[in-house]
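Following this note's numbering, the numbering of the sequence shown begins with 8 at its first residue and continues without gaps. Working notes for the structure below.
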Amino acid sequence: MGEVGLGKDLETLKSGKTHPTIKGIHDSMSIIGLLTPVPWLLTMLAAIPGAASKLTAFMNYCAGQVKDKQMEVDKDADPQDILSYLIKARFENDKSAPPGEGALHEDARLLIIAGSDTTANALSNTLNFFARNPRVLKKLQALLDEYFPNGDSDWSYEKVKQISYLDDIINESLRLRPPVPSGLGRLTPPEGLQIDEVYIPGDSIVSIPAQTLHRDSRNYDNPLDFVPERWSDGKLNPETAPFITFSRGAMNCAGKQLAKLELRMFLSRVALNFDISYAPGETGENFEKNQQDTFTLTLPPLPLMFKSRKA
Numbered sequence: 008m009g010e011v012g013l014g015k016d017l018e019t020l021k022s023g024k025t026h027p028t029i030k031g032i033h034d035s036m037s038i039i040g041l042l043t044p045v046p047w048l049l050t051m052l053a054a055i056p057g058a059a060s061k062l063t064a065f066m067n068y069c070a071g072q073v074k075d076k077q078m079e080v081d082k083d084a085d086p087q088d089i090l091s092y093l094i095k096a097r098f099e100n101d102k103s104a105p106p107g108e109g110a111l112h113e114d115a116r117l118l119i120i121a122g123s124d125t126t127a128n129a130l131s132n133t134l135n136f137f138a139r140n141p142r143v144l145k146k147l148q149a150l151l152d153e154y155f156p157n158g159d160s161d162w163s164y165e166k167v168k169q170i171s172y173l174d175d176i177i178n179e180s181l182r183l184r185p186p187v188p189s190g191l192g193r194l195t196p197p198e199g200l201q202i203d204e205v206y207i208p209g210d211s212i213v214s215i216p217a218q219t220l221h222r223d224s225r226n227y228d229n230p231l232d233f234v235p236e237r238w239s240d241g242k243l244n245p246e247t248a249p250f251i252t253f254s255r256g257a258m259n260c261a262g263k264q265l266a267k268l269e270l271r272m273f274l275s276r277v278a279l280n281f282d283i284s285y286a287p288g289e290t291g292e293n294f295e296k297n298q299q300d301t302f303t304l305t306l307p308p309l310p311l312m313f314k315s316r317k318a
């Protein structure tokens, strides 16, 4: 996401360590999640020396990336990353551009939080579902073997997109463990909002918690069970079902298609090459019980074993 969003490789795969910026996000999410409904309080907290040092460090990093990018962007060249598009839009006075320098900084922070943390959470939870449900993993592997008989050397994203069962797995994982479980706040119009027999006063912040909606037995049969087949053969459509992982309407997730691409790529190649199980003595119970809703999910360690299928 560093390259796509900021045009910068964070080199976490090369170093094998969490980038300080990403660590800063994780350390700050409990504050961000708690104060999201009152953003003015978050601003006040950031102004108090030492009160939110890790959050401030993250915000300063993002501001620095914006400053550097503004100096680098060629007004006549095609942008190569999202931040460059936003900056160029400001140069050109495009009506879709961020309305000011502060908004540009907020967009940079959003790119990292929404673009990396949420997808990483979805990947971790899906790997846990694989370890807990070996039947699902084996069914996916059988399909992958049909499409890629020579293993990884045959792999292509165009073929992966044809494997609908992989999308069923992704939808089911996102249903049970939406990376933003409490949903996003929305402001009601000044005149209020009438929904069936319920009246919501105007200028109120409301939210639909995705995890509650997704686990309601009125919406899904056996809602706590991991059953990818519930999405198969058009039985359920994520665009019309009670499924709001990516929100809905004009304000839905701008990175939805990118997230799906990343999930398909990662999960297909891991499942094609490895069998997945819990590490000795592990059951996944600690991982499942100790996930915290801090706006995005904050996850505990997930000890897994990956065994090469070629051995």
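Don't be surprised by glycine CBs; every beta carbon is placed ideally from N, CA and C. No experiment lies behind these values; they were computed from the predicted model shown.
With respect to 8 Å, is the separation between the Cβ of residue i and the closest non-hydrogen atom of the ligand GTP below this value?
i    : result
T252 : Ligands in the displayed structure: none, and consequently the ligand GTP is not present.
Helix, strand or coil: which one does DSSP assign to residue i?
i    : result
M258 : helix
Q148 : helix
T63  : helix
T303 : strand
K319 : With the chain running from 8 to 318 in the structure shown, residue 319 is simply not present.
S91  : helix
D282 : strand
M8   : coil
F137 : helix
S163 : coil
L17  : coil
P56  : coil
E289 : coil
V80  : coil
K296 : helix
I251 : coil
K263 : helix
T126 : helix
E108 : helix
S103 : coil
D34  : helix
Could you compute how far the alpha carbon of residue i sits from the alpha carbon of residue j?
i    : j    : result
L41  : G31  : 16 Å
A104 : I215 : 28 Å
M319 : L279 : For the chain, the structure presents residues 8 to 318; residue 319 sits outside this window and is missing.
K95  : G192 : 29 Å
R180 : D83  : The residue asked about is misnamed: residue 180 is Ser in this sequence, not Arg. Near 43 Å, if we compare the C-alpha coordinates of D83 and S180.
M321 : R222 : This structure does not reach residue 321, given that the chain is present from 8 up to 318, and the question cannot be answered.
S275 : R116 : 29 Å
I283 : W47  : 45 Å
G23  : F233 : 31 Å
S91  : P230 : 42 Å
N226 : L49  : 36 Å
G158 : Y164 : 14 Å
L93  : E10  : 15 Å
S160 : L134 : 23 Å
N128 : K102 : 34 Å
A286 : K146 : 22 Å
L309 : E292 : 10 Å
By a C-beta neighbour count over all protein chains shown, 10 Å radius and 16 as the cutoff for buried, is residue i buried or exposed?
i    : result
D152 : exposed
D175 : buried
A149 : exposed
N132 : buried
L270 : buried
Are three or more beta carbon pairs between the stretch 289-303 and the stretch 192-204 nearer than 8 Å?
no
Within the stretch 169-208, ranges of the beta strand (DSSP E) (whole runs, at least 3 residues):
200-202, 205-207
Is the number of C-beta pairs between the stretch 225-238 and the stretch 201-213 that are closer than 8 Å three or more?
no
At least three beta-carbon pairs within less than 8 Å, the stretch 21-28 to the stretch 133-141:
no
Enumerated in chain order, which unbroken segments of the alpha helix (DSSP H) with a length of 4 residues or greater are wholly contained in the stretch 205-246?
217-221
Three CB pairs or more closer than 8 Å across the stretch 59-70 and the stretch 151-165
no
Assess, as a yes-or-no matter, whether the stretch 115-135 is touched by the stretch 265-276 under the definition of 3 or more beta carbon pairs within less than 8 Å.
yes
How do the stretch 217-234 and the stretch 167-182 stand: do at least 3 beta-carbon pairs fall below 8 Å, yes or no?
yes
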